[in-house]
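As structure tokens, the structure follows; a few thoughts come after it.
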Amino acid sequence: MQRMIAPEISNWPERDLRLVGGACGDCGATVFPIQDLCPRCSLPAVERIELPPAGTLVAWTTQGFLPGPPYLGDETAKTFVPFGVGLVQLGEVIRVEGRLTENDPDKLAFGMEVALTTVPLGTDGDGNDVLTFAFRPL
Amino acid sequence: MTNDVAIIGIGMHPFGRFEGKTAMQMGADAIRAALADARLEWRDIQFAVGGSWEVANPDAIVGLMGLTGIPFTNVFNACATSASATEACADAIRLGKYDIGIAIGMDKHPRGAFTVDPTLVGMPKWYGENGQYLTTQFFGMKANRYLHEHGISQQTLAKVAAKNYRNGGLNPNAFRRKPIPEAEILAAPVLNYPLTHYMFCAPDEGAAAVIMCRADIAHRFAAKPVYVRAVEIRTRRYGAYEVNTTYAPVQEDDAPSVYAARAAFESAGISPTDIDVAQLQDTDAGAEVIHMAEAGLCGHGDQEKLIAEGATEITGSMPVNTDGGLIANGEPIGASGMRQLHELVLQLRGTAGDRQVAGDPRTGFALLYGAPGTAGATIVTT
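Have a look at this one:
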């Protein structure tokens with residue numbers, strides 16, 4: 020079986036993949052993932068919304084070493100390949116931190132357009148193939 | 017000056033790796049050194065504040081020091097733990113509750129980057145499972161963006177790290193005491209682009225203690241008291257992009273370091289241009305560069321030229337991390353800020369030896385910053 024890393028943070032397996040966040044009905048602030056109280060105005064008016072599927076790269080780096088627990092990736096220190104990480108601005112709505120499908124600093128740029136996708140992460144204890152969300156350069 | 021607070025004793029256990037020695041034993045050594053420095057006995061201490069991450073009850077140290085029955089409060093505030101201990105100790109004296117107290121920091125961390133359960137800091141479990149719950153990743157992203165926006169080179173990051181290793185070489189208490197050339201720093205494996213292995217500090221072990229008293233009695237214990245002018249702690253505001261966050265708003269706000277530093281300068285009635293020596297949280301070389309501007313010591317982007325000209329060297333116009341900072345000393349979380357204070361007091365007393373800043377420095381500034389977006393700023397003067 021294939022499963023998404025956390026069912027509540029996206030609409031996977033719908034064809035038009037979107038991350039799921041929250042929008043405050045009072046002040047309009049957007050959060051990811053959804054939480055009970057608005058982090059800007061503290062009111063409990065946060066409603067579930069689907070976030071825009073594409074945006075621009077605001078900040079980025081690479082992960083050059085194997086993360087420790089609770090990392091779900093199947094790699095070992097020997098097989099690990101650095102992955103890209105970025106802060107992506109989705110429309111004018113929110114900035115989301117996520118993995119990037121590109122790991123070469125020479126191919127990553129500030130302001131680069133990227134779109135939401137999924138990448139295989141690893142296998143969980145029940146033998147499921149776990150997918151996670153990531154952004155790929157357009 | 018009845019409500020002023022003076023530092024009259026400082027003590028440190030070296031930072032590094034000490035097989036077979038507990039954090040509490042290191043803390044006791046630091047306390048004994050501070051007592052000797054102030055020519056006091058443990059029974060003279062009226063209250064204590066202790067900070068640590070790994071030690072659940074720093075107050076248990078009274079079992080090693082003497083069971084005098086003093087009030088002892090434990091504080092923990094992540095990387096700003098020592099600022100919280102300093103503030104609590106100074107404020108209790110300022111309020112007139114006690115005449116003499118001690119602030120203590122100690123820690124002993126296992127090797128490697130910090131990895132724990134993300135839910136303990138309010139983060140979802142998937143954030144860790146996804147390989148994003150790594151503080152170094154955030155520092156890589158922040159440094160990369162800052163360099164891009166302000167025209168600062170990776171070479172400058174190497175200069176900062178090389179300077180801190182060099183200063184560590186002059187500091188007998190430092191963890192890393194061997195100078196590392198810029199070329200070697202740049203050629204080291206990239207942990208989080210643009211930051212290489214040698215541009216990061218490492219978690220380690222150590223302890224430090226600071227004894228404070230009412231300023232009007234300080235002359236009894238210290239030839240040259242150093243005064244605690246301000247301690248300010250701030251958390252992140254809506255709009256700040258901080259370490260351990262899944263998202264950020266589109267509309268940006270300044271980092272908590274900016275607010276903590278500004279509040280400390282206002283509270284002390286001192287301008288950043290008055291600071292003679294600074295200790296800035298350098299989790300990585302980029303953080304030192306960024307914190308120079310966030311603290312108000314220079315403008316954003318001025319660092320490239322300032323660092324090239326040697327301004328932040330011990331011999332420069334704006335000495336930063338004269339004891340080697342976190343890069344050379346490592347980070348035992350609870351003790352790190354107490355180390356900064358220890359160095360500032362040595363510098364202001366004029367007793368920092370080989371790394372003494374020339375020209376009789378009179379004002380010192382210390383900045384702590386860490387997860388989950390908390391900063392502490394401290395100002396001391398002669």
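Protein chains in written order, with the working numbering: chain A, 20 to 157; chain B, 17 to 398. Each residue gets a CB set at the ideal place from its N, CA and C atoms; glycine is no exception. Since we're looking at a predicted model, the values are computed, not measured.
At least one beta carbon of chain A lies nearer than 8 Å to the beta carbon of B:Y263. Below the 7 Å Cβ cutoff, chain B contributes P140, W142 as neighbours of A:A25, in chain order. By the CB criterion at 8 Å, B:I395 and B:A280 fall inside the cutoff. Comparing alpha carbon positions, the residue from B:F31, B:H29, B:G27, B:C95 closest to B:S273 is B:C95.
DSSP places B:Y143 in the uninterrupted alpha helix (DSSP H) bounded by 141–145. At a cut-off of 8 Å, the C-beta of A:Q21 has no neighbouring C-beta in chain B. Among the CB atoms of chain B, none fall inside 8 Å of the CB of A:F154. In this structure, A:F154 lies near A:V133, with their beta-carbon atoms less than 8 Å apart. Scanning its chain for C-beta atoms nearer than 7 Å, with the 5 sequence neighbours on each side dropped, one finds around B:Y257 the residues A264, in chain order. With its beta carbon less than 8 Å from one in chain B, A:L91 belongs to the interface. For B:M157, the three-state secondary structure derived from DSSP is helix. With respect to B:M28, B:R355 sits close: the two C-beta atoms are nearer than 8 Å.
Taking a C-beta distance under 8 Å as the contact criterion, B:E304 and B:N345 do not qualify as a contact pair. Apart from sequence neighbours up to five positions away, the residues of its chain that approach A:P101 with a beta-carbon distance below 7 Å are T81, Q82, G83, N122, ordered along the chain. Take the alpha-carbon of A:G130 and the one of B:A190: they are about 41 Å apart.
Within the same chain, and ignoring the five residues on either side of B:H213 in sequence, the residues whose Cβ sits closer than 6 Å to its Cβ are A204, P205, L207.
Within the segment 35–66 of chain A, the residues whose Cβ lies closer than 8 Å to some Cβ of chain B are G40, A48, T49, V50, F51, P52, P58, R59, listed in chain order. A direct Cα-to-Cα measurement between B:M334 and B:R110 gives close to 30 Å.
Annotation for B:P74: G66, S68, N90 place their beta carbon closer than 6 Å to its own, counting only its chain and skipping 5 residues before and after. A Cβ-Cβ distance of about 20 Å is found for the pair B:P126 and B:V259, leaving them out of contact under the 8 Å criterion. For A:A73, no chain B residue has a Cβ inside 7 Å of its Cβ, as the nearest lies near 15 Å away. Contact between B:A271 and B:A246 does not hold, since the beta-carbon distance rounds to 19 Å and is not under 8 Å.
Around B:Q295, no beta-carbon contact reaches into chain A at under 7 Å, the shortest distance being about 26 Å. The three-state secondary structure of A:D45, taken from DSSP, is coil.
DSSP places A:M20 in no alpha helix (DSSP H); its state is neither H nor E. If you draw a straight line from the Cα of B:G79 to the Cα of B:I86, it comes to about 12 Å. Residues are counted here when their Cβ sits less than 7 Å from a Cβ of chain A; for the segment 197–213 of chain B these are P205, V206, L207, N208, Y209, given in chain order. Relative to the Cα of A:I68, the nearest Cα in the group A:G74, A:D143, A:T137, A:E27 belongs to A:E27.
Considered as a whole, the segment 173–212 of chain B harbours 198–203 as its complete alpha helix (DSSP H) runs of no fewer than 4 residues, in chain order. Taking a contact to require three or more Cβ pairs closer than 8 Å, the segment 32–46 of chain B and the segment 55–62 of chain B do not qualify as touching. Bounds of the beta strand (DSSP E) holding B:G386 are 379–386. For B:F63, the enclosing beta strand (DSSP E) has its first and last residue at 63–67. If the five residues before and after A:L38 are omitted, its C-beta is found closer than 7 Å to the C-beta atoms of I28, S29, F51, L70, V115, L135, F152, all from its own chain and listed in chain order. A check of alpha carbon separations from B:G144 across A:P88, A:P124, A:V104 identifies A:P88 as the nearest.
By the neighbour-count criterion, in which 16 or more other beta carbons inside 10 Å mark a residue as buried, B:N160 falls on the buried side. The criterion of a C-beta distance shorter than 8 Å is not satisfied by B:L357 and B:T172.
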